[in-house]
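S.K.: Under this note's numbering, the very last position in the sequence shown is 1844; numbers go up by exactly one each time. One structure is given below, represented as structure tokens, and several questions about it will come after.
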Amino acid sequence: MNTYNRFPLRLERGSGCWVWDQDGRRFLDAVAGIATCCLGHSDRAMRRALSRQLGRLQHVSNLYNIPEQEELARWIVQHSCGDSVFFCNSGAEANEAAIKLARKHGHLRRGIERPVILTAAASFHGRTLAAVTATGQPKYHRGFEPVVDGFDYFPYNDLDAFQSLLEQHEANGPAVAAVLIEPLQGEGGVNPGDKTFFRELRRLCDANEILLILDEVQVGMGRTGSWWGYQQLDIEPDAFSLAKGLGGGHAVGALVVRGDADVFEPGDHASTFGGNPFACRAGLTVAREIERRNLLRNVQERGTQLQEGLNGLVSRYPHLFLGVRGWGLLQGLVLRPDCGVTAPDLAAAAIDHQLLLVAAGPNVLRMVPPLIISAREVRLLLKRLDAICRTTSPT
Ligand code: PLP
1450 MNTYNRFPLR LERGSGCWVW DQDGRRFLDA VAGIATCCLG HSDRAMRRAL SRQLGRLQHV
1510 SNLYNIPEQE ELARWIVQHS CGDSVFFCNS GAEANEAAIK LARKHGHLRR GIERPVILTA
1570 AASFHGRTLA AVTATGQPKY HRGFEPVVDG FDYFPYNDLD AFQSLLEQHE ANGPAVAAVL
1630 IEPLQGEGGV NPGDKTFFRE LRRLCDANEI LLILDEVQVG MGRTGSWWGY QQLDIEPDAF
1690 SLAKGLGGGH AVGALVVRGD ADVFEPGDHA STFGGNPFAC RAGLTVAREI ERRNLLRNVQ
1750 ERGTQLQEGL NGLVSRYPHL FLGVRGWGLL QGLVLRPDCG VTAPDLAAAA IDHQLLLVAA
1810 GPNVLRMVPP LIISAREVRL LLKRLDAICR TTSPT
């Protein structure tokens, strides 16, 4: 169906941080399936582990215990603040699970009849009906009304606005079940969370028995240089959603929940494919390879290198750029709104320079390369970006 504006490229092969099109042209991939292929393309460990898994067992059903699922859940729990995991297939689906959990928690623990979930403006939580309603961007709602009841929005990182929205909803008693929020807004323009804001958010949620649920779909699994985005903010959520990097290019999503926030019982929620042996083998391989190759360190070092290089571009092309923001290997180059080119224009121009880039809204060019990217590849990325800036003359 006609749901995507696609670049004029047909990609058919990949290796590491590189992909080739049908004409044999080689591209440096700073998109990585939009922050997904963290081990790059056609990774040897992934190929081996998944081929072996295909030869053993691919899919059964959650009617049975699945050892690979238990092992991946154990890994996640041991490396995070979570205590239990529900597996699904995508970010939107993980957030749907979070929304259902929040509503049930609100009914049970706060006695709320019609629970409200507060989310941030400019957020992105996925395209299913509830996840898109949670997404605080009206452009994604348009045409699909009526959207789902029980959501309201506050400006990201704005404590006063959050507090007054909370007070407004709670004026006549408990009404808010949860806050669902990204530690760093990815799609909405690479906006990092503010530590003070998140600390206060945590305090207000604790004081009112409101669940703080973080959407870690884009930032989780090491993208920011720590396993989870919430570690950059020095807080711990009650639950967090994962997808993208978790499967390194395979469809795996998860909702991770802490202690007694887990109010699900058998029959409350399910997914046919969620957590099957193949998907969980992919997740386990990603987790173990990130550990074995010390990729968190690589993300920190290459992230700093990338950010410094991008800052250099900002100084060289002040007519194009306002600045750089991001954590680790999720960086956004912010364009001047009046510079005459948009981020999608630059991402399109990058194709001629054999570089893959993706926009995050009209004014932010996003870089989310595989976590394995080398220092030489970061230099090449910056060199190609510089060439794009040189040849891009604003109209
Ligand atoms: N949440 C965040 C923060 C995302 O960045 C995305 C996708 O970009 C989603 C949720 C939706 O994930 P999916 O496309 O896997 O449904």
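Glycine is no exception: its CB is placed at the ideal position from the N, C-alpha and C atoms.
(1) Just how far apart, CA to CA, sit G1698 and A1731?
(2) Just to confirm, is the Cβ distance from G1674 to E1665 under 7 Å?
(3) Does A1808 pass the burial test, meaning 16 or more other C-beta atoms within 10 Å, or should it be called exposed?
(4) Regarding H1574 and the ligand PLP, is the C-beta to nearest heavy atom distance less than 6 Å?
(5) What residues are listed by DSSP as bridge partners for S1533?
(6) For the candidate residues D1801, V1827, F1611, E1714, whose alpha-carbon lies nearest to that of V1534?
(7) Tell me which residue opens and which closes the beta strand (DSSP E) that I1659 is part of.
(8) Less than 7 Å between the beta carbons of G1781 and G1789, yes or no?
(9) Can you check whether the CB of V1668 is closer than 7 Å to the CB of P1632?
(10) Can you check which of these residues, V1817, P1793, R1741, V1813, is closest to A1494 by C-alpha distance?
(11) Between D1600 and A1620, what straight-line distance do the alpha-carbon atoms span, to the nearest angstrom?
(12) Could you compute how far the alpha carbon of L1614 sits from the alpha carbon of F1603?
(13) Going by alpha carbons, who is nearest to A1853 out of H1574, F1593, A1569?
(14) One question on the structure: do N1544 and A1580 come within less than 7 Å of each other, judged by their Cβ atoms?
(15) State yes or no: is the C-beta of R1672 within less than 7 Å of the C-beta of A1481?
(16) Given a cut-off of 7 Å, decide if A1798 and T1841 are closer than it, judged by their beta-carbon atoms.
(17) In three-state DSSP terms, what is E1461?
(18) Counting only the same chain and skipping the five closest in sequence on each side, list residues whose C-beta sits under 8 Å from that of Q1749.
(19) At what residues does the alpha helix (DSSP H) containing D1835 begin and finish?
M.R.: The answer reads as follows:
(1) 8 Å
(2) no
(3) Buried.
(4) yes
(5) Secondary-structure assignment with DSSP links S1533 through a beta bridge to V1706.
(6) E1714
(7) Here I1659 belongs to no beta strand (DSSP E), and DSSP marks it neither H nor E.
(8) no
(9) yes
(10) Comparing alpha-carbon positions, the option among V1817, P1793, R1741, V1813 lying closest to A1494 turns out to be R1741.
(11) Rather than Asp, the amino acid found at residue 1600 in this sequence is Phe. Approximately 16 Å, taken between the alpha carbons.
(12) Straight-line Cα distance between these residues: approximately 7 Å.
(13) In this structure the chain extends from 1450 to 1844, so residue 1853 is not present and cannot be described.
(14) Yes, these two residues count as a Cβ contact at 7 Å.
(15) Contact: no.
(16) With respect to A1798, T1841 sits close: the two C-beta atoms are nearer than 7 Å.
(17) strand
(18) Here the set comprises G1674, G1777.
(19) 1824 to 1840
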